[in-house]
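There are 2 protein chains.
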Amino acid sequence: MSIVMPDSIRLGRECSQPKHDPAFGACAGCAVRELSVCGVLVPAEINEFEKLSRSTDFEARSTLFTEDEPATQIFNITQGVVRLYKLLRDGRRQIVGFALPGDFLGLALQDDYSVSADAVTQVTACRFQRNAFTQFLDVHPLMMRRLHEMASHELSLAQDQMVLLGRHNADERLALFLLALSERYIRIGESGVNVQLPMSRQDIADYLGLTIETVSRTFSRLAKAKLIVVVPDGVRLLETEGLRQLANG
Amino acid sequence: MSIVMPDSIRLGRECSQPKHDPAFGACAGCAVRELSVCGVLVPAEINEFEKLSRSTDFEARSTLFTEDEPATQIFNITQGVVRLYKLLRDGRRQIVGFALPGDFLGLALQDDYSVSADAVTQVTACRFQRNAFTQFLDVHPLMMRRLHEMASHELSLAQDQMVLLGRHNADERLALFLLALSERYIRIGESGVNVQLPMSRQDIADYLGLTIETVSRTFSRLAKAKLIVVVPDGVRLLETEGLRQLANG
DNA sequence: CGCGCCATTGACTCTGGTCAACGCTAGTGG
DNA sequence: CCACTAGCGTTGACCAGAGTCAATGGCGCG
Numbered sequence: 004m005s006i007v008m009p010d011s012i013r014l015g016r017e018c019s020q021p022k023h024d025p026a027f028g029a030c031a032g033c034a035v036r037e038l039s040v041c042g043v044l045v046p047a048e049i050n051e052f053e054k055l056s057r058s059t060d061f062e063a064r065s066t067l068f069t070e071d072e073p074a075t076q077i078f079n080i081t082q083g084v085v086r087l088y089k090l091l092r093d094g095r096r097q098i099v100g101f102a103l104p105g106d107f108l109g110l111a112l113q114d115d116y117s118v119s120a121d122a123v124t125q126v127t128a129c130r131f132q133r134n135a136f137t138q139f140l141d142v143h144p145l146m147m148r149r150l151h152e153m154a155s156h157e158l159s160l161a162q163d164q165m166v167l168l169g170r171h172n173a174d175e176r177l178a179l180f181l182l183a184l185s186e187r188y189i190r191i192g193e194s195g196v197n198v199q200l201p202m203s204r205q206d207i208a209d210y211l212g213l214t215i216e217t218v219s220r221t222f223s224r225l226a227k228a229k230l231i232v233v234v235p236d237g238v239r240l241l242e243t244e245g246l247r248q249l250a251n252g
Numbered sequence: 004m005s006i007v008m009p010d011s012i013r014l015g016r017e018c019s020q021p022k023h024d025p026a027f028g029a030c031a032g033c034a035v036r037e038l039s040v041c042g043v044l045v046p047a048e049i050n051e052f053e054k055l056s057r058s059t060d061f062e063a064r065s066t067l068f069t070e071d072e073p074a075t076q077i078f079n080i081t082q083g084v085v086r087l088y089k090l091l092r093d094g095r096r097q098i099v100g101f102a103l104p105g106d107f108l109g110l111a112l113q114d115d116y117s118v119s120a121d122a123v124t125q126v127t128a129c130r131f132q133r134n135a136f137t138q139f140l141d142v143h144p145l146m147m148r149r150l151h152e153m154a155s156h157e158l159s160l161a162q163d164q165m166v167l168l169g170r171h172n173a174d175e176r177l178a179l180f181l182l183a184l185s186e187r188y189i190r191i192g193e194s195g196v197n198v199q200l201p202m203s204r205q206d207i208a209d210y211l212g213l214t215i216e217t218v219s220r221t222f223s224r225l226a227k228a229k230l231i232v233v234v235p236d237g238v239r240l241l242e243t244e245g246l247r248q249l250a251n252g
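Have a look at this one:
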């Protein structure tokens with residue numbers, strides 16, 4: 004049984020969605036609730052949980068938090084795209100992930116953030132104080148378990164990314180990236196064929212361990228091979244099967 | 004306050020440690036207890052917990068589990084070194100981590116293993132059935148929390164490894180690897196200066212996203228620069244500060 | 001209309017990969 | 001006891017994929 008996704012999940016580019024009606028519980032209308040930690044809660048618990056959170060907007064390019072600063076807050080993205088990254092002293096950057104609606108930032112519950120996060124598009128998130136959040140977890144073990152599941156899933160994705168970075172060439176990296184993004188979009192009710200790319204080529208390069216020029220050339224190569232079409236703000240996947248074949252060598 | 008480590012933590016190479024005395028609770032004499040999940044348990048709980056586990060030995064090169072097979076068992080390494088990896092269809096391999104004494108395998112509690120694991124050296128591990136383990140967690144929320152902490156730590160390490168694979172050159176990768184290993188050895192009471200390398204050059208290459216030849220050349224280069232000395236079965240770190248400087252560009 | 005930013009493309013470089021030879025050591029068998 | 005062999009590691013010569021540097025194009029915004 005699949006959940007019909009209202010079109011209120013937005014990647015943030017067009018910025019046209021209405022604000023939450025405060026008279027109507029924000030969580031009740033939340034399109035990503037079932038996909039996120041909140042999914043394990045029954046309605047009564049949701050109400051209690053909702054009191055801990057505050058919906059917060061971030062402009063594109065603004066910072067949610069920075070690596071090594073105290074992790075006082077926890078975020079559940081409801082709209083928009085966030086990039087998570089680490090910087091080296093000399094300016095090199097590695098993006099370790101892109102967070103989409105339904106994704107949770109700070110689920111490690113550590114004292115300090117292990118990465119920096121900033122908004123690629125306009126972003127809306129449910130914001131929690133870590134203290135309040137962990138106290139809630141203490142009395143809702145099911146949610147603790149769900150959080151652990153989500154962290155484990157993150158770990159598994161991180162392992163996949165290590166394989167990508169360590170053992171795949173440029174073509175394979177980009178193909179894997181596009182396929183993975185496509186599937187995530189499908190999960191949140193967006194098109195998996197017309198794949199939106201709100202992040203810049205530089206962001207993609209820093210995610211795939213490449214340079215911007217190589218990313219650009221690789222887009223062109225995949226387009227020439229008729230696997231994709233590069234369109235404004237994204238790509239259209241023409242042959243997912245061909246991409247999959249390319250991706251796996 | 005640091006814990007004095009008995010020398011019963013072994014990396015497995017010399018294979019000289021005595022078997023656990025079954026009359027004496029295995030956990031009571033466990034050198035890595037404080038470092039692992041078990042550390043949060045009080046003595047009474049330890050006894051209960053111990054009943055769920057069985058100490059199991061693995062020969063060097065034997066398999067603990069394989070990617071995608073059902074994750075029926077969970078392992079807590081007490082001796083030896085395990086490599087965790089993913090294989091591509093064409094034989095390429097990416098090692099996503101080396102597990103040392105105190106490390107936990109299967110802490111994601113997922114239905115299927117996300118990676119394969121085999122013993123680099125002779126290995127001893129506490130083995131749990133996943134069902135029994137998760138039932139124990141249901142009534143010991145503190146342990147659930149600890150498990151989540153460990154998973155979060157793993158995630159953080161995975162992010163570091165993504166930076167290594169995506170944005171560091173060969174010299175930096177090897178330096179980072181040696182420094183990280185050194186610190187892990189110190190944590191478990193082994194020498195952080197004479198760093199044991201029980202894994203092969205190929206293993207190191209597959210961990211660092213390099214080839215065996217590049218790893219070998221890089222060892223030689225670091226040795227020529229007087230940062231390390233290559234010795235049988237390991238290296239001696241001569242200048243950790245120099246290594247650190249090299250590692251960070 | 002013009003400026004600036006981002007993306008693309010080309011020419012060239014260079015780091016790390018590939019292929020091949022060689023050495024060392026441990027294990028085996030004459 | 002020593003010769004032979006197999007496997008791992010090291011080194012050299014050469015190659016190629018991705019990086020660097022530079023020029024150009026396209027689009028949005030003031």
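Sequence order for the protein chains is P and Y. Counting in this note's numbering, the first sequence runs without a single skipped number right up to 252 at its last residue. Counting in this note's numbering, the second sequence runs without a single skipped number right up to 252 at its last residue. Glycine is no exception: its CB is placed at the ideal position from the N, C-alpha and C atoms.
Any chain P beta carbon closer than 8 angstroms to residue i
i	result
Gln113 (chain Y)	yes
Ser185 (chain Y)	no
Gly237 (chain Y)	no
Arg86 (chain Y)	no
Asp206 (chain Y)	no
Ala135 (chain Y)	no
Residue j beta carbon less than 8 angstroms from that of residue i
i	j	result
Leu168 (chain P)	Met165 (chain Y)	yes
Val85 (chain Y)	Val123 (chain Y)	yes
Gln82 (chain P)	Asp209 (chain P)	no
Val218 (chain P)	Leu211 (chain P)	yes
Ala111 (chain P)	Leu150 (chain Y)	no
Gly105 (chain P)	Ser39 (chain P)	yes
Ser185 (chain Y)	Leu240 (chain Y)	yes
Gly245 (chain P)	Arg92 (chain Y)	no
Leu249 (chain Y)	Glu175 (chain Y)	yes
Ala74 (chain P)	Asp114 (chain P)	yes
Ser58 (chain P)	Ala29 (chain P)	yes
Phe139 (chain P)	Phe52 (chain P)	yes
Arg170 (chain Y)	Arg95 (chain P)	yes
Val238 (chain P)	Leu200 (chain P)	yes
Leu177 (chain Y)	Phe222 (chain Y)	yes
Within-8 angstroms CB hit, residue i to chain Y
i	result
Met202 (chain P)	no
Pro144 (chain P)	yes
Asn251 (chain P)	yes
Thr243 (chain P)	no
Arg36 (chain P)	no
Arg148 (chain P)	yes
Ile77 (chain P)	no
Under 7 angstroms by beta carbon: chain P residues contacting residue i
i	result
Val99 (chain Y)	Gln162 and Met165
Ala154 (chain Y)	His151, Ala154, Ser155 and Leu158
Contact list for residue i against chain Y, beta-carbon separation under 7 angstroms
i	result
Asn258 (chain P)	In the structure as shown, chain P begins at 4 and stops at 252. Residue 258 (chain P) is therefore absent and cannot be evaluated.
Ser169 (chain P)	Note that residue 169 (chain P) is Gly in the sequence shown here, rather than Ser. What Gly169 (chain P) touches in chain Y: Gln97, Leu168 and Gly212.
Chain-ordered chain P contacts of residue i [CB-CB under 8 angstroms]
i	result
Ser159 (chain Y)	Ala111, Gln113 and Ser117
Closer than 8 angstroms at the beta carbon, the chain Y residues around residue i
i	result
Ser270 (chain P)	A question about residue 270 (chain P) goes unanswered here, because the residues of chain P that appear run from 4 up to 252.
Cross-chain neighbours of residue i in chain P, by beta carbon under 9 angstroms
i	result
Leu91 (chain Y)	Val166, Arg170, His171, Asn251 and Gly252
Residue i beta carbon near the ligand PLP (any heavy atom closer than 7 angstroms)
i	result
Gly192 (chain P)	Looking for the ligand PLP in the displayed structure turns up nothing, as the structure carries no ligands at all.
Three-pair Cβ contact test at 8 angstroms for the segment 142-150 of chain Y versus the segment 185-198 of chain Y: no
Within the segment 59-146 of chain Y, ranges of the beta strand (DSSP E) (whole runs, at least 3 residues): 66-68, 76-82, 85-90, 96-102, 119-122 and 126-132
Three-pair Cβ contact test at 8 angstroms for the segment 123-143 of chain P versus the segment 77-93 of chain P: yes
Three or more C-beta pairs below 8 angstroms linking the segment 168-182 of chain Y and the segment 221-233 of chain Y: yes
Sufficient close CB pairs (3 or more, under 8 angstroms) joining the segment 62-70 of chain Y to the segment 109-121 of chain Y: yes
Completely contained beta strand (DSSP E) runs for the segment 152-209 of chain P, where each covers 3 or more residues: 197-199
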